[in-house]
Amino acid sequence: MDIEIASTAIGILGTFCVLFLVRNRKIESLHNRIEFRLEEIMKKLHIAERKLEEEKREHETSKRAAETTIKDQQKIIDDMIKKAKKPNPG
1 MDIEIASTAI GILGTFCVLF LVRNRKIESL HNRIEFRLEE IMKKLHIAER KLEEEKREHE
61 TSKRAAETTI KDQQKIIDDM IKKAKKPNPG
């Protein structure tokens, strides 16, 4: 009778060990998949950050060019106003 109980106990213990190992493998597999996806997301995020920085630089360049154009146009207008205000000889 003791041999049967011991045999059953060993069988149950073996089953729990196998279930534990399978569970650990599933957890490890899930962990690896999550880690892989996280790396992919980080790569995409890095690409998006670089693209955003590039667009920001382009925007700043366009903004400076527009400001320069506005200043140039304002100077031309001011010069035209000065010429129009000068008395006409003759």
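The numbering of the sequence shown is full-length UniProt numbering, which starts it at 1 and goes up by one.
Virtual Cβ for every residue (Gly too), placed ideally from N, Cα, C.
Since the structure is predicted, the reported quantities are computational estimates derived from the model, not experimental observations.
- [ ] Give me the Cα-Cα distance between residue 54 and residue 78, rounded to the nearest whole angstrom.
- [x] In the sequence shown, counting from the first residue as 1, residue 54 sits at position 54. In the sequence shown, counting from the first residue as 1, residue 78 sits at position 78. Whole-angstrom Cα-Cα distance: 36 Å.
TODO: Using the Cα positions of residue 4 and residue 43, report the straight-line distance between them to the nearest angstrom.
DONE: In the sequence shown, the residue the question calls residue 4 occupies position 4. In the sequence shown, the residue the question calls residue 43 occupies position 43. About 58 Å.
Task: Spatial distance of residue 66 from residue 52 (CA atoms) - done: Residue numbering aside, residue 66 sits at position 66 when the sequence shown is read from its first letter. Residue numbering aside, residue 52 sits at position 52 when the sequence shown is read from its first letter. Taking the straight line joining both Cα atoms gives about 21 Å.
- [ ] Express the C-alpha separation of residue 2 and residue 16 in angstroms, rounding to a whole number.
- [x] One-based indexing of the sequence shown puts residue 16 at position 16. One-based indexing of the sequence shown puts residue 2 at position 2. One C-alpha to the other measures close to 21 Å.
TODO: Over the uninterrupted alpha helix (DSSP H) stretch that includes residue 51, give me the two end residues.
DONE: For this step, residue 51 is matched to residue 51 along the sequence shown. Start and end: 2 to 85.
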